[in-house]
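Line by line, the protein sequences are chains A and B. So the first sequence is numbered by numbering that gives the first Met the number 0: it starts at 0 and just counts up by one. So the second sequence is numbered by numbering that gives the first Met the number 0: it starts at 0 and just counts up by one.
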Amino acid sequence: MSVSIDDARLRAINDKYRIFNQLIDRESMEADDSSSFTFSAKDNLCTREFQARAGSKILEGYRPPFDATPVRKLREAGGLLLGKTNMDEFGFGTFSTNSGFDIPLNPFDTGRACGGSSGGAAAAAALIEGHVALGVSTGGSISAPASFCGVFGLTPTYGRVSRYGLIDYGNSLDKVGLLSRSMGDIKMFLPVISGSDPKDPTSCTQPRIQISQRKIKRLALPKEALANISPEVESTFRYALEKMSLELGIAVHEVSMPSLRFAMPAYYILATTEASTNLARYCGMRFGVPEKDVSQHFNDFFSGVRSECFGQEAKRRILLGTFCRMVGFRDKYYLKSLAVRQLITKEYRSVFDEHDLIVTPTMPFVAPKFDEIAKMRPLEMYSADFLTIPPNLTGLPHLSAPCGYVGPMPVGMQFVAPHWDESGLISMGEEWERVFQLKTPEVMQ
Amino acid sequence: MDIEKVKRVAKVARLELTDEELKKFAQDLEDILNNFSVLDEAPGLTEYDFNPVPVNDVLREDQVGQEFDPAMLRAMMDTYEDYVRGPKLS
């Protein structure tokens, strides 16, 4: 079997939707006769043949001499890497509009965002047949774009997939996962990219991944999840729950998870404190854009390139994270957030004692228009992640699945499973896929 | 958050901000931190971990080796003889 997309078609799709910031060259594409599927890598995953810029101008020119482990594993499984997908700078965003390069356009309406930060990955999954996209999630960057672009997006348990070769955002939060139109592809490729890797110690305590179909019977719906949801998303979501009950015999019980209200601030504090230290390495010496004038004092040398090349959201998060780590605030913000993570994890565990999975909508609204996003305050954007943050903060595996449409625009629902139970998510996703009528964007019809 | 405080934070973070940026970020951070004060209502806990699942250190014996060609590094970085060139420390 060879790959099913030709070079001209790929370039035409990319010209229209701005999925990739770097694409495979025509000769490599045409010379390929052994690959069995195509895949893409989010721009923050290192690959040998492309620059790895994580959507940031400060990494312009950085060409890694190695492949990230998930990229290497997909190549070894017979995959052809098509290119690097557009994203928010370092993953800092909900709509993929905070990019130093191209902003991807929604496959169902090019006046709307793809979601973020793996926006290009979700668009690739929606628009390219048989394609599997490597995404990365820190606080919802796989679920959000999967929801807005109408594809399946699986974020595995923290530590399930090696992060060797991933450009860090938040070390206690980053996870590599998959986006695809088909649950079958996610089921096939998740075990391929999973597993212990001595180059990433966080991957070395995991139990072996075992995917086996099982009947999902009981879902929990936290009542707190339905506050601040748009009426059309809520009605689409409730219709999907009814369909699950009638056609799949799955019961949904409303529960209360009061600690979820602490998740958003705790997440942003941990994510930005970790990001502000990780981004200290970008200072004009080792990676990307070099500062030339070595006669400057080091403070000016480092500050100049950072001030010029980081985008506004990156600067905002560096400031927030630096502030939360400063003397006098560390206990109030950082340590409190670590404690809150434990509190929320315990609450999840008590719900899982009596339920297979937890279900909520993925995002509170359908993909917004670009002019609507331009009017949002940063806090409003952060708040839009309130449903995707809790499982990310606690490292729980989760799956966003398309569950209906508002006009042409997809709506997603999110399933959350106990640590290491990706198998439960795949069972649920496959059952749902069997009864749900998935729509594909017009470009592919 | 006042502009002077943002200036101090920016200095620690090695960022030079314009007056317009300082004003905007002061407002944004004020807005964000006010919202985050909900954390004051969270129960006080002493239990925490730095990772969401248990993680063990992975150790190995040191091995002498060379993964990358030094010539490549020399070509990519600002070097003088066998040294990397950097800014002044004082």
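Beta carbons are placed, not taken as given, at the ideal position from N, Cα and C, and that holds for glycine. Treat the numbers as computed from the prediction; the structure is a model and nothing was measured.
1) Using 8 Å as the limit for Cβ to Cβ distance, is Arg280 of chain A near chain B?
2) Figure out for me which residue from A:Gly78, A:Val150, A:Asn85 and A:Ala224 has the closest Cα to the Cα of Pro409 of chain A.
3) Tell me, please, whether the CB atom of Val57 of chain B is closer than 8 Å to any CB atom in chain A?
4) Quick check on Ser382 of chain A: does DSSP put it in helix, strand or coil?
5) Within the continuous alpha helix (DSSP H) that includes Ala51 of chain A, where are the two ends?
6) Do you know offhand how far Glu421 of chain A's Cα is from His397 of chain A's?
7) Whole beta strand (DSSP E) runs in the segment 389–425 of chain A with 3 or more residues, listed along the chain?
8) Roughly how many angstroms separate the alpha carbons of Asp24 of chain A and Val326 of chain A, rounded to a whole number?
9) If you compare alpha carbons, which of A:Gly129, A:Arg71, A:Thr156 and A:Thr68 is closest to Phe457 of chain A?
10) Just how far apart, CA to CA, sit Gly448 of chain A and Leu21 of chain B?
11) Are any of the Cβ atoms in chain B nearer than 8 Å to that of Met86 of chain A?
12) If you reduce the DSSP assignment to three classes, tell me which class Ile268 of chain A lands in.
13) Among residues of its own chain, excluding the 5 on either side of Met0 of chain A, which ones have a beta-carbon nearer than 6 Å to its beta-carbon?
14) Starting from Asn20 of chain A, trace the beta strand (DSSP E) in both directions and tell me its first and last residue.
15) So what's Asn458 of chain A in DSSP terms, helix, strand or just coil?
16) Quick check on DSSP: helix, strand or coil for Ser140 of chain A?
17) Going along the chain, which residues of the segment 22–39 of chain B sit with their C-beta nearer than 7 Å to a C-beta in chain A?
18) Just the C-alpha distance for Ser89 of chain B and Phe300 of chain A, rounded to the nearest angstrom, thanks.
19) On the three-state DSSP scale, how would you describe Tyr281 of chain A?
20) Buried or exposed: Val434 of chain A, going by 16 or more other Cβ atoms within 10 Å of its Cβ?
21) Against chain B, which members of the segment 62–75 of chain A pass a CB distance test of less than 9 Å?
22) Give, in chain order, every unbroken run of the beta strand (DSSP E) that is at least 3 residues long and sits entirely within the segment 301–388 of chain A.
23) Which value, in whole angstroms, describes the spacing of the CA atoms of Ala121 of chain A and Lys335 of chain A?
24) Would you give the residue range spanned by the alpha helix (DSSP H) that Arg73 of chain B belongs to?
25) Should Leu245 of chain A be labelled buried (16 or more other beta-carbon atoms within 10 Å of its own) or exposed?
26) Taking a cut of 7 Å between CB atoms, which residues from the segment 201–214 of chain A lie near chain B?
27) Could you please give the first and the last residue of the uninterrupted alpha helix (DSSP H) stretch that includes Phe236 of chain A?
28) Give the residues from the segment 335–353 of chain A that approach chain B closer than 9 Å (Cβ to any Cβ), ordered along the chain.
29) Mind checking which residues open and close the alpha helix (DSSP H) that includes Ser27 of chain A?
30) Ends of the alpha helix (DSSP H) at Gly118 of chain A?
31) For Phe49 of chain A, would you say it is in contact with chain B, using Cβ-to-Cβ distances shorter than 8 Å as the test?
This is what the structure holds:
1) no
2) A:Val150
3) Closer than 8 Å: yes.
4) helix
5) Looking at the DSSP string, Ala51 of chain A is not in any alpha helix (DSSP H), and its letter there is neither H nor E.
6) 8 Å
7) Secondary structure remark: continuous beta strand (DSSP E) runs of at least 3 residues inside the segment 389–425 of chain A, in chain order: 397–405 and 408–415.
8) 51 Å
9) Only positions 0 to 444 of chain A appear in the structure, and residue 457 of chain A is not among them; the question remains open.
10) This structure leaves residue 448 of chain A out entirely; chain A is present only between 0 and 444.
11) no
12) helix
13) Unreliable positioning characterises Met0 of chain A in this predicted model, as indicated by a pLDDT of 45, which lies under 50. A coordinate reading is not provided.
14) Phe19 to Leu22
15) One cannot answer for residue 458 of chain A here, as it falls past the ends of chain A, which runs 0 to 444.
16) Three-state DSSP puts Ser140 of chain A in coil, outside helix and strand.
17) Phe24, Asp27, Leu28, Asp30, Ile31, Asn34, Phe35, Val37 and Leu38
18) 12 Å
19) Reduced to three states, the DSSP call for Tyr281 of chain A is coil.
20) exposed
21) Arg62, Pro64 and Phe65
22) Uninterrupted beta strand (DSSP E) stretches at least 3 residues long and entirely within the segment 301–388 of chain A occur at 356–360, given in chain order.
23) 34 Å
24) Pro69 to Met75
25) exposed
26) Thr201, Cys203 and Thr204
27) Pro230 to Leu247
28) Lys335, Ser336, Leu337, Ala338, Val339, Arg340, Gln341, Leu342 and Thr344
29) The continuous alpha helix (DSSP H) containing Ser27 of chain A extends over residues Arg25 to Ala30.
30) Gly118 to Leu126
31) no
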